[in-house]
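Here's the structure, in structure tokens; my notes come after.
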Amino acid sequence: MTGRVAGKTALITGAAGGLGQAMARMLVREGARVAVSDRDLNGARALADSINAEHPGSAFAYEHDVTREDDWVRVVAAAAEDMGGLSILVNNAGIGGQLAWAEQDTLENWRLVQAVNIESVMLGCKHAMPHLRACGAGSIVNISSIAGLAAAPGMGAYNATKAAVWLYTKTVALEAAKAGWNVRANSVHPVFIKTPILDPFVAMAGGDETTAHEKLARGIPLKRIGEPDDVAYCVLYLASDESKFVTGAEFKIDGGMTAQ
Ligand SMILES: NC(=O)c1ccc[n+]([C@@H]2O[C@H](COP(=O)([O-])OP(=O)(O)OC[C@H]3O[C@@H](n4cnc5c(N)ncnc54)[C@H](O)[C@@H]3O)[C@@H](O)[C@H]2O)c1
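Written out as structure tokens, the structure reads:
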């Protein structure tokens, strides 16, 4: 088998969504097998079927609510069993939550965003780690956001969770290094990428996607928003042994946004 991640086995959460699909397809194109999980089982199955049509036996689909620890235990075990091990974990599932300033935010929204965006990352690292250690060269890729490095009005819950993903990733990286395990952990920080997570911004622009995307692009030095593959290429690098000396690092995929 050839490819930049030939023979590796990856679990990608939230894989029915825009970024997860691009990551899964790219990792398979480069020789990996993928376990695609999502709370949307039909979406995960459709993705796995479409990948398997081109690369038979490369993708496995699972129903997985990342906020539930029992789901993590079941999915990690099944993925490792079906793929013959687990060497890559991509904690990708995430939600934007409601846009609300501090006074208007609700505890319900806050807790939901915490559960999906950061508690899931802890549960994933915890339950995947034994498999990542056992495979001899493991890689954790946590999908944070530019919103984890810079704040914006109305995005308190999202900002707080994505900042937590950023620092928690470093903790896990240092623990694995200290223990002498060959497991690396890094975070990825995209700016606006064309996926359904931007739907609230499209709604604010009266449903016109082009206008919404142009508006979002105005603050980005490259004057455009990103494509899912812009993020998938970074995940591919971090998942591969090309990044074997890279751990506890953050990767900004932001068209120059945070250079300003
Ligand atoms: N697209 C962007 O502009 C952008 C920018 C920065 C960071 N991100 C991050 O990238 C990741 C992927 O986002 P996307 O753009 O593909 O969004 P998306 O909305 O297209 O996909 C998100 C997926 O997560 C799944 N999901 C939501 N809650 C879940 C749960 N409890 N359990 C399991 N699955 C669940 C959804 O079903 C969906 O398939 C998220 O963590 C997001 O915060 C996205």
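The sequence shown lines up with residues 137 to 396 when you count with the working numbering.
In this text, a Cβ means the ideal position worked out from N, Cα and C, and glycines have one as well.
On a predicted model such as this, the values are computed, not experimentally measured, just so you know.
A residue is called buried once 16 or more other Cβ atoms fall within 10 Å of its Cβ, and Thr346, having fewer, is exposed.
For Ala293, the closest alpha carbon among the candidates Ala168, Ala395, Leu248 is that of Leu248.
Along the stretch 157-211, the beta strand (DSSP E) occurs as fully enclosed runs of 3 or more residues at 169-174, 195-199, listed in sequence order. Beta-bridge analysis with DSSP links Ser379 to no other residue. Between Gln157 and Pro336, the gap from beta carbon to beta carbon reaches 9 Å or more. Runs of the alpha helix (DSSP H) spanning 4 or more residues and lying entirely within the stretch 232-280 occur at 243-250, 256-271, in chain order. In the three-state reduction of the DSSP assignment, Lys314 falls in the helix class, which pools H, G and I. Taking 9 Å as the cut-off, the beta carbon of Ile276 is found no closer than this to the beta carbon of Leu155. Fully enclosed beta strand (DSSP E) runs of no fewer than 3 residues occupy 319-326 of the stretch 307-361, in order along the chain. The shortest CA-to-CA distance from Arg204 to any of His263, Thr297, Val382 is the one to His263.
In terms of Cα proximity to Ser173, the closest of Leu358, Gln234, Val367, Ala214 is Ala214. Distances from the alpha-carbon of Gly391 to those of Ala146, Cys271, Leu372, Leu358 put Leu358 closest. The shortest C-alpha to C-alpha distance from Glu244 to any of Gly233, Asn253, Trp237 is the one to Gly233. DSSP places Thr145 within a strand segment (E or B) once states are collapsed to three. Three or more pairs of CB atoms, one per stretch, sit closer than 8 Å, so the stretch 195-202 contacts the stretch 250-266. A contact is defined here as three or more CB-CB pairs under 8 Å, and the stretch 368-375 meets this definition with respect to the stretch 140-151. No residue range can be given for Leu222, since it is assigned to no beta strand (DSSP E) and is classified by DSSP as neither H nor E. Residue side-chain check: Phe196 keeps its Cβ at 8 Å or more from all non-hydrogen atoms of ligand 1.
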